[in-house]
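Below is one structure, written out as structure tokens; comments come after it.
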Amino acid sequence: MTLDVRVLGDEHAADVFALRMQAFRVPPASLDAWRAQVDLSNFLGAFDGSRLVGVTAALPLGQHFGGRAVPMGGVATVAVAAEDRGRGVAGRLLGAAIGMMHDRGDALSALHPATTRLYRAHGWELAGERPVWRVPTAALRDLPGPGPGSGSEPEPVVLRAGSAADRDRIRACYERVAPDHDGWLARPAGWWDALASTDGHRYLSLARAEGGYGGEVMGYVRYRQVGKRPDWGYRLRVDELVAATPGAERALWRLIGSYASQAERVTVAGCRPDRLLLALPEQVVRAGRSSHWMARPIDAAAAVAARGYRPVVNARVELHVHDPHAPWNDGDWILEVAGGEGRLRRGGYGSVRLGAGALACLYTGWTSAANLVAAGLVHAPVDAVAGLDAVFAGSRPAMLDHF
Ligand SMILES: CC(C)(COP(=O)(O)OP(=O)(O)OC[C@H]1O[C@@H](n2cnc3c(N)ncnc32)[C@H](O)[C@@H]1OP(=O)(O)O)[C@@H](O)C(=O)NCCC(=O)NCCS
């Protein structure tokens, strides 16, 4: 089979959709809605003659690290026709996608893998979590306000139902909060219509601050009722709860808690439960089916320069990066971080040896250099390990979105 890999256009929409239906069981009725929002110039297709045998998307997104949005290519819709699998089609597409993202100026790439080994073989590595957890609805209903000694009185919060007309308000709230969360996306403007939509059993509730903040939206929750239970009620799924203040956050959780008479449990996807655990009187949060996303550097030097760092960090580490799929990342580098800025410049003697995937893992802060050494993915002297951990460790990156 001779493969030709190239950028797709609108004329390929029906063939791409057929591959999506076969690979992901997307409903046939979703064709028109998908067609209306998809930009096929972000897709690569693999052709055997005139036949489309495989496809991948490389979406132009951003992802926050250290308070800054890093240009990130989101790999999605990797699908190969059933008869053509196991012959290297996906591998060819991923190699071409790396080149496409590099040409576009992406510094990093991330993806949600259905299988890890395919992507690991091309330089992506597990680099963050998409947490899923469950909490009894009644525990949210009874959530106490910030208690004595918390140092802050909760600001007065007014709740109101949101609608598609609040799209720009929730967007502004998200964009205010997202930089504080390593791993959260810098979402494209085009996503917000769908995010603000309240059709079917999907709901949007807003928390407005009274008084000092001029009625600005200080938080919102997007949630839906899923599945009818056999005896009574339904299950509740929180797609995202975003809040800029503790008062707004607790008011929104209590609103979800008000469903306790119908929904016994709430499933929450994407955000971490840490702050809720700190507010609940007991440890009633249970792990759900969390997954991990993967990342790889597309342009390692650009990625290091684009993210933020803690201003107290001052470090210099020599790296030898192995990246056969992106040769511009390959070789010896000096990593320097000072005053909240990072730089990767050519030179040094590569005392730390690591692959592109391990570099991504360090970069997002998902695991420590010490852990990567223990896993055999980084070879480094002890002082360099301490330097890398000072630069990157500890942020526990998460992602709300699944693309
Ligand atoms: C996953 C999929 C895209 C792979 O396409 P493909 O063209 O068969 O993959 P390749 O032939 O390029 O395989 C590359 C490597 O990935 C591995 N791999 C491929 N498919 C795999 C699978 N389903 N499970 C585990 N590993 C797989 C292969 O072992 C191969 O490694 P090797 O070269 O060391 O043997 C294809 O099976 C598919 O379309 N599946 C359904 C949709 C899907 O799950 N997509 C992934 C979404 S994240």
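Our numbering puts the first residue of the sequence shown at -7, with every later residue one more than the last. Beta carbons are placed, not taken as given, at the ideal position from N, Cα and C, and that holds for glycine.
Out of SER250, TRP320, GLN29 and HIS314, the CA that lies nearest to the CA of ALA293 is found in TRP320. For LEU11, the enclosing alpha helix (DSSP H) begins and ends at 5 to 16.
In the DSSP assignment, MET(-7) falls outside any alpha helix (DSSP H), carrying neither H nor E.
In its chain, beyond the 5 residues on either side, LEU327, GLY334, ARG335 and LEU336 have a beta carbon closer than 7 angstroms to the beta carbon of VAL296. Sequence-distant partners of THR359 (beyond 5 residues in either direction) whose C-beta falls short of 7 angstroms from its own C-beta, in its chain, are CYS353. When distances are taken from the beta-carbon of GLY83 to the heavy atoms of ligand 1, the shortest one is below 6 angstroms. Beta bridge pairing from DSSP links ALA252 with no other residue.
Here DSSP, grouped into helix, strand and coil, assigns TRP125 to strand. Between ligand 1 and the CB of ARG122, the shortest heavy atom gap is not smaller than 6 angstroms.
For ASP231, the enclosing beta strand (DSSP E) stretches over residues 226 to 235. Going by C-alpha positions, TYR251 is about 15 angstroms away from LEU151. Given a length threshold of 3 residues, each whole run of the beta strand (DSSP E) inside the segment 340 to 369 is given here in chain order: 344 to 347.
By the neighbour-count criterion, in which a residue is buried when 16 or more other Cβ atoms sit within 10 angstroms of its Cβ, PHE35 is buried.
If you check the CB distance, GLY115 and GLY349 come in under 7 angstroms. In the DSSP secondary-structure assignment, LEU177 is bridged to GLN55. For ARG264, the CB stays at least 6 angstroms from every heavy atom of ligand 1. Rounded to the nearest whole angstrom, the C-alpha separation of VAL260 and VAL124 is 6 angstroms. Boundaries of the alpha helix (DSSP H) harbouring GLU167: 159 to 169, taken from the DSSP string. Distance between PRO180 and GLN29, taken at the CA atoms: about 12 angstroms. Considering only ARG122, TYR341, GLN254 and PHE384, the residue with the shortest C-alpha distance to ARG281 is ARG122.
If you draw a straight line from the Cα of GLY78 to the Cα of ALA71, it is about 12 angstroms long. ARG(-2) and LEU247 have their alpha carbons spaced roughly 49 angstroms apart. Here DSSP, grouped into helix, strand and coil, assigns PRO63 to strand. The beta-bridge partner set that DSSP reports for SER101 consists of GLY65 and ARG288.
Only residues of its own chain outside the window of five on either side were considered, and among them VAL234 have a CB closer than 6 angstroms to the CB of TYR166, listed in chain order. Within 10 angstroms of the beta-carbon of MET(-7) lie fewer than 16 other beta-carbons, which makes it exposed. The way I'd put it, the segment 154 to 166 does touch the segment 189 to 196; three or more beta-carbon pairs between them come closer than 8 angstroms. Per DSSP, TRP26 is one residue of the alpha helix (DSSP H) stretching across 23 to 29.
Annotation: ASP2 to GLY120 spans about 33 angstroms, alpha carbon to alpha carbon. Relative to the non-hydrogen atoms of ligand 1, the Cβ of ALA292 never comes closer than 6 angstroms to any of them.
Check the Cα spacing between ALA390 and each of TRP285, ALA131, ILE90 and LYS220: the tightest is with TRP285. Remark: the C-beta of GLY349 is outside contact range of ligand 1, defined as less than 6 angstroms to any heavy atom.
Only exposed fits TRP224, as fewer than 16 other CB atoms lie within 10 angstroms of its CB.
Taken from the Cβ of ALA119, every heavy atom of ligand 1 lies 6 angstroms or farther away.
Contact annotation, ASP322 with VAL313: C-beta distance approximately 6 angstroms; criterion of less than 8 angstroms satisfied. Secondary structure of GLY154 (DSSP, three-state): coil.
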